[in-house]
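Chemist:
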Amino acid sequence: MIELQALPQGIGQERLQELLSELAHIASDSLKAPLKAVFVVFRPIEAGCYMHEDSAIPLQTKDSHPPLLRISAFVGRTGEQIAECLRRCAESIELSLGLESGNVFASYVELQSGHVLTGGILRRQNPTV
Numbered sequence: 017m018i019e020l021q022a023l024p025q026g027i028g029q030e031r032l033q034e035l036l037s038e039l040a041h042i043a044s045d046s047l048k049a050p051l052k053a054v055f056v057v058f059r060p061i062e063a064g065c066y067m068h069e070d071s072a073i074p075l076q077t078k079d080s081h082p083p084l085l086r087i088s089a090f091v092g093r094t095g096e097q098i099a100e101c102l103r104r105c106a107e108s109i110e111l112s113l114g115l116e117s118g119n120v121f122a123s124y125v126e127l128q129s130g131h132v133l134t135g136g137i138l139r140r141q142n143p144t145v
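Count along the sequence shown from 1, then add 16; that gives the number in my numbering.
The following block contains the structure:
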């Protein structure tokens, strides 16, 4: 699951949807996960509700108040896969939103075996356990 939170962007809904689709494809490719298993959610941060460097601004700027990206995926990915996914997703966001390089805060959360329910199935790394 990919969660992107950011201040209002000044880009249209169509461009935002293209970005979300691109993030899904990047995660699918980087993490070797089927595209149908990748969920992407954008949550706008209301103007004035994001404090960074002791300031709250109404719109995204190129060099401040970085969008917040959190990728959560099932246990078992290599460090290289995780790093590639984080890097590629951050670069895609920077390019799409016209941000300076490095102006995305990205994190990765590893979901443990038996801690994920999807499709009505409790997912386990070793299904026989």
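We put the CB at the ideal spot given by N, CA and C, even for glycine.
Values in this document were obtained by computation on a predicted structure and should not be read as measured data.
1. Is DSSP giving Arg104 helix, strand or coil here?
2. Taking the alpha helix (DSSP H) that Arg31 belongs to, which residues open and close that run?
3. So Gln128 and Ser46 are supposed to be a Cβ contact under 8 Å. How far apart are they, rounded?
4. Whose C-beta lies closer than 6 Å to the C-beta of Gln21 among residues of the same chain, with five residues either side of it excluded?
5. Cys101: buried (16+ other C-beta within 10 angstroms of its C-beta) or exposed?
6. Check whether the Cβ of Ala72 sits closer than 7 Å to any heavy atom of the ligand MN, and report yes or no.
7. In the DSSP output, which residue or residues are listed as bridge partners for Phe121?
Modeler: On the basis of the coordinates in this document:
1. The residue labelled residue 104 in the question sits at position 88 within the sequence shown. Correct three-state label for Arg104: helix.
2. Walking along the sequence shown from the start, residue 31 turns up at place 15. Counted as a single uninterrupted DSSP element, the alpha helix (DSSP H) harbouring Arg31 occupies residues 29–47.
3. For the purposes of this step, residue 128 is taken as the residue at position 112 of the sequence shown. For the purposes of this step, residue 46 is taken as the residue at position 30 of the sequence shown. Between Ser46 and Gln128 the Cβ distance is about 20 Å, and since that is not below 8 Å, they are no contact.
4. For the purposes of this step, residue 21 is taken as residue 5 along the sequence shown, with counting starting at 1. Excluding positions up to five away in sequence, the list reads Arg59, Ile61, Leu84.
5. Locating residue 101 in the sequence shown gives position 85, counting from the first residue. Cys101 is buried by the Cβ-count criterion.
6. The model on display carries no ligand, and the ligand MN is accordingly not part of it.
7. To locate residue 121, count along the sequence shown from 1; it is residue 105. According to DSSP, Phe121 bridges with Leu84.
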